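In what follows, a single structure is set out as structure tokens and then discussed.
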Ligand SMILES: *[C@@H]1O[C@H](CO)[C@@H](O)[C@H](O)[C@H]1NC(C)=O
Ligand SMILES: *[C@@H]1O[C@H](CO)[C@@H](O)[C@H](O)[C@H]1NC(C)=O
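Residue numbers (full-length UniProt numbering): 1 to 404.
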């Protein structure tokens, strides 16, 4: 047995040890929590029928993936192996260091086929027939749909972070003009707003982004891959400038843009929650967090369109806070050190904050349901499952990102 395989057995061992004390179903929560540091409050969204009360309901179908590239965890995805599309990807936006868009090099997730396989995303192995995920031939067989990124490469901090977004577990079949048009404009607007306002009290750019797909009920690519009916996205961050949490959301039908300059309407979190809840169950993007439910990015830019954000239909309420924001402009070229803050009075370093800190990774299967509940101190989230990491994480479960 190689060292690698040894580590792969860790979660199994941990599971056996924890079984007597872990409450039923808690394993799944904690498997999300293995990469909980990409989630605000380390809490996954509440998605009716998929994740409720922090628990994945059907663990055979919905697999949390700590997206690992070159032995580092880059973001987290909850993947639907039946529809072969992500439910959502979540990321901690820290600004951008890497230049441009890397060369496309599509990867797959080996552990979706075999839990003991390599933890890193990899190129497709021609010998293997992939039963639990989409592969590039699924997309090539059609040509009508783009491989639409859920976490966009443009949000990723380093060059390698960007490369890591080119995994087919992070894409959905997306109408081309929607992907390149209104959705892409929305992504740029939100990124610009985060660059401008999401500077936390330590002076670093930090915004929590969750983007997901609503499975469609009709179209299926290559008899395998669900074509989602809509995409949604939301962000939330603490803004030291505003001394407040700010948040906004977007939602767009997965159909070609009809108008050439179509803009998606900015939504509040409450509006998004209303769109995605079901009769039986509520939807919540950032459950338990302090994110405001009734703000939109449009409010942050009532007139100033330097972020190229969509014009808002209904005029934003001129609250005292939003009025004070308009003085500053936000263009992508402006500002300062990449991946760090635009205004970092207290920070002595201007180094990019792209380094993954503790998130080097276990070889352990991100996919196996292991370990204790989120709150459990015995969860092997960091220390036990990270053979290469010697330092402790600054994102321990006790550190709330909003302590002020
Ligand atoms: C692509 O897939 C869609 C949805 O299944 C289908 O309607 C369309 O005919 C396909 N096009 C081609 C060229 O296969
Ligand atoms: C600010 O953001 C950085 C980068 O994500 C993070 O390491 C730091 O802990 C955050 N500080 C606070 C007070 O949340």
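Yeah, the Cβ is synthetic: ideal placement off N, Cα and C, and Gly gets one too. All values reported here derive from a predicted model rather than from experimental measurement.
(request) Give me every residue whose Cβ sits closer than 5 Å to any heavy atom of ligand 1, in chain order. (result) 142, 144 and 219
(message) My output table needs one value for residue 147: the three-state DSSP class, helix, strand or coil.
(response) strand
(request) Compare the Cα-Cα distances from residue 115 to each of 157, 60 and 165 and report the closest residue. (result) 60
(message) ligand 2 and residue 72: does the residue's C-beta get closer than 7 Å to at least one heavy atom of that ligand?
(response) no
(request) Return the chain-ordered list of same chain residues with a C-beta closer than 7 Å to the C-beta of residue 230, the five sequence neighbours on each side being excluded. (result) 214, 251, 252, 253 and 254
(message) Could you check if residue 224 belongs to the surroundings of ligand 2, using beta carbon to heavy atom distance under 7 Å?
(response) no
(request) Give the range of the beta strand (DSSP E) segment to which residue 195 is assigned. (result) Run containing residue 195: none in the beta strand (DSSP E); it sits in the alpha helix (DSSP H), 183-197.
(message) Buried or exposed, going by whether 16 or more other CB atoms sit within 10 Å of the CB of residue 342?
(response) For residue 342, the predicted structure reports a pLDDT of 36, less than 50, and the residue's modelled location is therefore unreliable. A value from the coordinates is still provided. Classification of residue 342: buried, given that the 10 Å Cβ count is 16 or more.
(message) Please classify residue 140 as buried or exposed, where buried requires at least 16 other C-beta atoms within 10 Å of its C-beta.
(response) exposed
(request) Using 7 Å as the cut-off, classify the Cβ of residue 204 as near or not near the heavy atoms of ligand 2, replying yes or no. (result) yes
(message) If distances are taken between C-alpha atoms only, which option among 283, 180, 112 and 227 comes closest to residue 269?
(response) 283
(request) Return helix, strand or coil for residue 5, following the three-state DSSP convention. (result) Below a pLDDT of 50, predicted positions are generally treated as unreliable, and residue 5, at 40, falls in that range; the measurement from the model is reported next regardless. Reduced to three states, the DSSP call for residue 5 is helix.
(request) Report yes if the C-beta distance between residue 76 and residue 112 is below 8 Å; otherwise report no. (result) no
(request) Determine the DSSP secondary structure at residue 244, reduced to helix, strand or coil. (result) strand
(request) Give, in chain order, every unbroken run of the beta strand (DSSP E) that is at least 3 residues long and sits entirely within the segment 54-80. (result) 62-69 and 72-80
(message) Between residue 170 and ligand 2, is there a pair consisting of the residue's CB and a ligand heavy atom that are separated by less than 7 Å?
(response) no
(message) Please return the same chain residues whose Cβ sits closer than 8 Å to the Cβ of residue 160, not counting the five positions on each side in sequence.
(response) 69, 70, 72, 74 and 98
(message) I want to check one thing, is the minimum distance from the CB of residue 196 to the heavy atoms of ligand 2 below 7 Å?
(response) no
(message) If you measure between the beta carbons of residue 198 and residue 297, is that distance less than 8 Å?
(response) no
(message) Which residue marks the beginning of the beta strand (DSSP E) containing residue 297, and which one marks its end?
(response) Premise fails: residue 297 lies in the alpha helix (DSSP H), 297-300, not in any beta strand (DSSP E).
(message) Please give me, in chain order, every unbroken run of the beta strand (DSSP E) with length at least 3 that falls completely inside the segment 220-289.
(response) 230-239 and 244-253
(request) Report the option in 256, 294 and 244 whose CA atom is closest to the CA atom of residue 266. (result) 294
(request) Mind checking which residues open and close the alpha helix (DSSP H) that includes residue 180? (result) Premise fails: residue 180 is in no alpha helix (DSSP H) and is neither H nor E.
(message) Quick check: the Cα distance between residue 135 and residue 224, rounded to an integer number of angstroms?
(response) 10 Å
(request) Spatial neighbours of residue 264 within its chain, please: CB distance less than 6 Å, with the 5 preceding and 5 following residues excluded, ordered by chain position. (result) 182, 186, 250 and 252
(message) Are there any heavy atoms of ligand 2 lying less than 7 Å away from the beta-carbon of residue 92, as far as the coordinates show?
(response) yes
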